[in-house]
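Novice: In this note's numbering, the protein residues as written are -13 to 122. Don't be surprised by glycine CBs; every beta carbon is placed ideally from N, CA and C.
Right under this line is the structure:
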């Protein structure tokens, strides 16, 4: 029994020592964290006053695909949705036609594939969003 009591006392002393060390480390980390917060205040103020836009973490939903329903309303809605998508996702002009083609299905996709061969048929290729909108 004496051995168990001595062992228990030793373990309790070690735990107390470890607890003290953890407490000291926690205090040191908290001190460093407060210093970092203090150091960041001027940086945050400078960024806020500079007018530099910080990248948004908002997820832009994908537009609905267009399958060439014979409806002017559906086509106008698709084009409007694509325009809104381009604005929200900050899509560069050079990529708008390519991205739009990814949202075409059915007959609309067949139409697009025929337009890709326009260069060999000596017809004007669709290279810009404005030209694409006019062709529809």
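1. With 16 as the cutoff for other CB atoms within 10 Å, does residue 115 come out buried or exposed?
2. Just the Cα atoms here: how many angstroms apart are residue 64 and residue 110?
3. Residue 88 lies in the alpha helix (DSSP H); which residues open and close that run?
4. Mind reading off the beta-carbon distance from residue 112 to residue 99? Whole number of angstroms is fine, and I expect it under 8 Å.
5. Quick check on this structure: which residue in 97, -7, -6 and 30 has the alpha carbon closest to the alpha carbon of residue 55?
6. Below 8 Å CB to CB, which residues in the same chain sit around residue 46 once its five sequence neighbours on both sides are set aside?
7. Can you give the Cα-Cα distance for residue 82 and residue 13, rounded to whole angstroms?
8. Thinking C-beta only, is residue 53 closer than 8 Å to residue 80?
9. Kindly indicate if chain B contains any beta-carbon less than 8 Å away from that of residue 59.
10. If I measure Cβ to Cβ from residue 36 and keep anything under 7 Å in the same chain, skipping five residues before and after, which residues do I get?
11. Pull up the distance between the alpha-carbon of residue 4 and that of residue 15, whole angstroms please.
12. Tell me, please, which residues DSSP counts as bridged to residue 52.
13. Any heavy atom of the ligand COA closer than 7 Å to the CB of residue 13?
Specialist: This is what the structure gives:
1. Counted from its first residue, the chain shown places residue 115 at position 129. With 16 or more Cβ atoms within 10 Å of its Cβ, residue 115 is classed as buried.
2. Taking the first residue of the chain shown as 1, we reach residue 64 at position 78. Taking the first residue of the chain shown as 1, we reach residue 110 at position 124. The C-alpha of residue 64 lies about 23 Å from the C-alpha of residue 110.
3. On the chain shown, residue 88 is found 102 positions in, with the first residue counted as 1. Looking at the DSSP string, residue 88 is not in any alpha helix (DSSP H), and its letter there is neither H nor E.
4. For this step, residue 112 is matched to residue 126 along the chain shown. For this step, residue 99 is matched to residue 113 along the chain shown. The beta-carbon separation of residue 112 and residue 99, rounded to 12 Å, does not stay under the 8 Å limit for a contact.
5. In the chain shown, counting from the first residue as 1, residue 55 sits at position 69. Closest option to residue 55, Cα to Cα, is 97.
6. Counting from one through the chain shown, the residue named residue 46 turns up at place 60. Excluding sequence neighbours, residue 46 sits near 71, 74 and 75.
7. One-based indexing of the chain shown puts residue 82 at position 96. One-based indexing of the chain shown puts residue 13 at position 27. Residue 82 and residue 13: Cα-Cα distance of roughly 54 Å.
8. Position 94 of the chain shown, counted from the start, is the residue given in the question as residue 80. Position 67 of the chain shown, counted from the start, is the residue given in the question as residue 53. No.
9. No chain B is part of this structure, which consists of one protein chain only.
10. Working through the chain shown from its first residue, we reach residue 36 at position 50. Nothing listed; no residue qualifies.
11. Your numbering for residue 4 matches position 18 in the chain shown. Your numbering for residue 15 matches position 29 in the chain shown. C-alpha separation (whole angstroms): 16 Å.
12. Along the chain shown, read from residue 1 onward, the residue named residue 52 stands at position 66. DSSP, once it has assigned bridges, lists 90 as partnering residue 52.
13. Among the ligands in the structure shown, none appear at all, so the ligand COA cannot be discussed.
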